[in-house]
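According to the numbering used here, the sequence shown is numbered sequentially starting from 1.
Even for Gly, the Cβ is constructed at its ideal location relative to N, Cα and C.
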Amino acid sequence: MIAKEPVPGRVKTRLTPPFTPDQAAALARAALTDTLAAAATARGAARRVIVLDGDPGPWLPPGFEVIAQRGDGLEERLAAAFEDVGDPAFLVGMDTPQVTPALLDRGLRAVAHGGTAFGAALDGGWWCIGLQPGSERVFDGVPMSCDNTGEVQLAHMRAMGMEPAILRPLLDVDTYEDALAVAALAPQSRFAATLADAAIEQEIAA
């Protein structure tokens, strides 16, 4: 998993407004907690690693290794994450708290059997990618945080001879509308509860 420490002003800035930086950070922490919980119960993981920008906190459950992110841009940080883990790896971010252990297991199985995996995000990016060691160049030249990031990333994988297992698309939480939609998909999640609390505080719909 690749993630940022949920510090106010550094995470989920597109949620401010309607929320305060503290509320946005609480939503980021909730999304991170939900995703970590899914990863913790995914049966196909031999190791559980969080590649972190920042410091671990009480939100980090037992059983996860922590590796510091390195590199200047996201492209470099993604490549470094796979290089530093070293093993075949299946990577997710912290923006899809609706992800389930069963969905993670599908990607983990593909990687464990020597393959790759890819899941597009509905905003044009991607929410997961699974690679074998030595594949870090797959991120070279991919425009990050663009409407066509996922399309270009998948094309790069195929151009390098990969035929990834395709996981179903998921919605990333970037905007308030995204947050509402994801909370509706996972109404029992910590993210949904945190969103409801923040909405009450701000007197807006959730």
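Going by DSSP, what residues sit across from residue 119 in a beta bridge? 128, 167
Any contact between the stretch 152–164 and the stretch 87–101? By contact I mean 3 or more CB pairs, one from each, below 8 Å. no
Measuring alpha carbon to alpha carbon, tell me which residue in 204, 179, 88, 111 is nearest residue 167. 111
Among 103, 185, 57, 48, nearest to residue 85 - alpha-carbon criterion: 48
Residue 117 vs residue 90 beta-carbon contact at 8 Å: yes
Reduced DSSP category for residue 67 - H, G, I as helix; E, B as strand; rest coil: strand
Go through its chain and collect everything with a Cβ distance to residue 150's Cβ below 7 Å, but skip five positions before and after it. 120, 121, 124, 125, 126
Quick check: what's the CA-CA separation for residue 198 versus residue 21? 11 Å
Reduced DSSP category for residue 53 - H, G, I as helix; E, B as strand; rest coil: strand
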